[in-house]
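Engineer: In numbering that gives the first Met the number 0, the protein residues as written are 0 to 202.
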Amino acid sequence: MNQQFHSYLQQLHAFVEAQERRIRSLEAMVKKLQGETEALKSRPPMQVDRIEYKFDQLKVESLEGTLNIGLNPSELQNIEDFAVDNKNIKAPISPKNHMKRTMEIEDAIYQYLESELPEVVSTVQQKLNLSVDDSYIPFIKEDIKKQLPNRIDFYIKQQQAANRGSQENDNAEVIEHLKKEIQNGVHAFISHLPENMKGMNKE
Numbered sequence: 000m001n002q003q004f005h006s007y008l009q010q011l012h013a014f015v016e017a018q019e020r021r022i023r024s025l026e027a028m029v030k031k032l033q034g035e036t037e038a039l040k041s042r043p044p045m046q047v048d049r050i051e052y053k054f055d056q057l058k059v060e061s062l063e064g065t066l067n068i069g070l071n072p073s074e075l076q077n078i079e080d081f082a083v084d085n086k087n088i089k090a091p092i093s094p095k096n097h098m099k100r101t102m103e104i105e106d107a108i109y110q111y112l113e114s115e116l117p118e119v120v121s122t123v124q125q126k127l128n129l130s131v132d133d134s135y136i137p138f139i140k141e142d143i144k145k146q147l148p149n150r151i152d153f154y155i156k157q158q159q160a161a162n163r164g165s166q167e168n169d170n171a172e173v174i175e176h177l178k179k180e181i182q183n184g185v186h187a188f189i190s191h192l193p194e195n196m197k198g199m200n201k202e
């Protein structure tokens, strides 16, 4: 009986010693972790003021996968609807349509010059009570034709700005502006001719 009790005490003593060693080991570990935590706290905080990407220094061997700028594919499921009503989009006129309009307006003004310029010149002469030689008509016609592309471009852009980029084209409006400009130009030209090149109408 005594021997069993003595053996039990030895086992208990060994267990208690093992537990003490384990406790000391854990205490040492906690102390070490506390020291590392304090060291991290004492470090100055890191601040990133600016990040610059130098893409010119990248070397790409092959392109694979998907490039997502700003949006993650998994986040796209949460986006309800990015649909835009096309009626509200006002894109600038395309170069092809611009060229087409320019040619249509140019053709209309050419026809106007051929058929109505002599009458315009005659009307201006009557208003100013002046007489000029008919040889001025081809000169006026050629001078107007040289200026047409720039003036057509000016009025198309003016119309587009007024309509805020709308694709609604009104060639008739531009043509009317040009006709008025031609009439005013003919009036200014004839009225500013030197005296020896114009004469009074004899009625």
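The beta carbon of each residue, even a glycine, is placed where N, CA and C say it ideally should be.
#1: Nearest to Ser-190 by alpha carbon, out of Tyr-111, Val-123, Arg-23 and Thr-101?
#2: Taking C-beta to C-beta, are Gln-182 and Val-131 nearer than 8 Å?
#3: I'd like to confirm the pairing. Which residues does DSSP put opposite Leu-32 in its beta bridges?
#4: CA-CA distance, Ser-114 and Ala-187?
#5: Can you give me the start and stop residues for the alpha helix (DSSP H) that Arg-150 sits inside?
#6: Skipping 5 residues on each side, what residues in its chain have a beta carbon closer than 6 Å to that of Thr-101?
#7: Would you call Leu-112 buried or exposed, if buried means 16 or more other Cβ atoms sit within 10 Å of its Cβ?
#8: Determine the extent of the alpha helix (DSSP H) in which His-176 is found, giving its start and end residues.
#9: Can you have a look at Tyr-7 and say buried or exposed, based on whether 16 or more other CB atoms are within 10 angstroms of its CB?
#10: Nearest-angstrom Cα distance between Lys-89 and Asn-162?
#11: Rounded to a whole number of angstroms, what is the C-alpha to C-alpha distance between Glu-105 and Gln-157?
#12: Label Ile-155 either buried or exposed according to how many other C-beta atoms from any shown protein chain fall within 10 Å of its C-beta, with 16 as the threshold for buried.
Structural biologist: The relevant details are as follows:
#1: For the purposes of this step, residue 190 is identified with residue 191 of the sequence shown, where counting begins at 1. Residue Val-123 is the option with its Cα nearest to Ser-190.
#2: Position 183 of the sequence shown, counted from the first residue, corresponds to residue 182. Position 132 of the sequence shown, counted from the first residue, corresponds to residue 131. Cβ distance not < 8 Å, so Gln-182 and Val-131 don't count as in contact.
#3: If you number the sequence shown from 1, residue 32 lands on position 33. Leu-32 is not bridged by DSSP to any residue.
#4: As a first step, residue 114 is located in the sequence shown; it is residue number 115 there, counting from the start. As a first step, residue 187 is located in the sequence shown; it is residue number 188 there, counting from the start. Using only the alpha carbons, I get a separation of about 21 Å.
#5: Taking the sequence shown and counting its residues from 1, one reaches residue 150 at position 151. From DSSP, the alpha helix (DSSP H) with Arg-150 extends over 135-161.
#6: Within the sequence shown, the letter at position 102 stands for residue 101. Within the same chain, Thr-101 has close Cβ partners Ile-151.
#7: Position 113 of the sequence shown, counted from the first residue, corresponds to residue 112. Classification of Leu-112: buried, given that the 10 Å Cβ count is 16 or more.
#8: Sequence index remark: in the sequence shown, residue 176 carries index 177 (1-based). For His-176, the enclosing alpha helix (DSSP H) begins and ends at 170-190.
#9: The sequence position of residue 7 within the sequence shown is 8, counting from 1. Burial call: exposed.
#10: Taking the sequence shown and counting its residues from 1, the one referred to as residue 89 is at position 90. Taking the sequence shown and counting its residues from 1, the one referred to as residue 162 is at position 163. Any reading at Lys-89 is ruled out, since the residue's pLDDT is 49, under 50, leaving its predicted position unreliable.
#11: Mapped onto the sequence shown, residue 105 falls at position 106. Mapped onto the sequence shown, residue 157 falls at position 158. In a straight line, the C-alpha of Glu-105 is about 17 Å away from that of Gln-157.
#12: For the purposes of this step, residue 155 is identified with residue 156 of the sequence shown, where counting begins at 1. With 16 or more other Cβ atoms within 10 Å, it is buried.
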